[in-house]
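Numbering (UniProt numbering), first residue to last: 1 to 224. Glycine residues also receive a C-beta, built at the ideal position from the N, C-alpha and C atoms. To keep things clear, I will list the structure first and then write my remarks on it.
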């Protein structure tokens, strides 16, 4: 489903990513951990197409994405840690922007798609800026998945959210994976990492596979 090979990225003379390799299959949830500032967000941004790598290959379902923005747009959905919504607009109008004005597609998803599963249909007329952090995250996921992408990429999905919202998002991720979707996420929360079918640590620019189900202290020891 997703094959990443030889991904490198540097800023000036500082190496951020060096030869990153990753294979993701349908139904996988890939967790990426590491110290803050180690390059996790940079890696997710590259996988989603939001940032260009210096070199390397990213292939979705046999389609080379590097240099082809349309492939990224069709194959990947990216939910950054920062709120991507236009806060002065209603939830409905934010969705319409992501659905590129396709009301039919939006209405279908509000009945049966990610938007419905995440409860976004109940907040359509509310101004985005007045939503709680958890509500904004749910709307952000629904917006990102307006393209029905097979790979969902999430940067710290549970950060600063209440327990109920975290569990709602985890339940949605389980359904997404059960339907054949793949998830790539960064997190420091054990409840989120418990969803993962494979775990990796990013250190000194390289991605290394580690055991699943490690305790918090065991995970931290892997960062070094």
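Once you ignore the five residues that flank residue 140 on each side, which residues in its own chain have a CB closer than 7 angstroms to its CB? 79, 83, 84, 85
What did DSSP end up calling residue 224 once you bin it into helix, strand or coil? The three-state secondary structure of residue 224, taken from DSSP, is coil.
Taking C-alpha atoms, which residue in 138, 53, 210, 180 lies nearest to residue 170? The option with the nearest alpha carbon to residue 170 is 138.
Cβ separation of residue 175 and residue 191, assumed to be a contact under 8 angstroms, to the nearest whole Å: Actually they do not touch by this definition, with Cβ atoms about 17 angstroms apart.
Got a sec, what are the start and stop residues for the alpha helix (DSSP H) residue 104 sits in? 103-112
Keeping to the same chain, check which residues put their C-beta closer than 7 angstroms to that of residue 133; ignore five residues upstream and five downstream. Same-chain partners within the cutoff: 160, 161.
In terms of residues, what are the limits of the beta strand (DSSP E) holding residue 155? Start and end: 151-155.
Who are the Cβ neighbours of residue 89 in its own chain at under 8 angstroms, not counting the five residues just before and after it? Cβ within range, chain order: 97, 127, 128.
Proximity of residue 198 and residue 30 at Cβ, strictly below 9 angstroms: yes
Got a sec? Which residues, its chain only, sit under 8 angstroms from residue 216 by beta carbon, not counting five neighbours each side? 190
Considering Cα atoms alone, identify which of 214, 61, 44 is closest to residue 157. 44
Quick check: the Cα distance between residue 213 and residue 222, rounded to an integer number of angstroms? 13 angstroms
For the putative contact between residue 92 and residue 125, defined by C-beta atoms under 8 angstroms, what is the C-beta separation to the nearest angstrom? 7 angstroms
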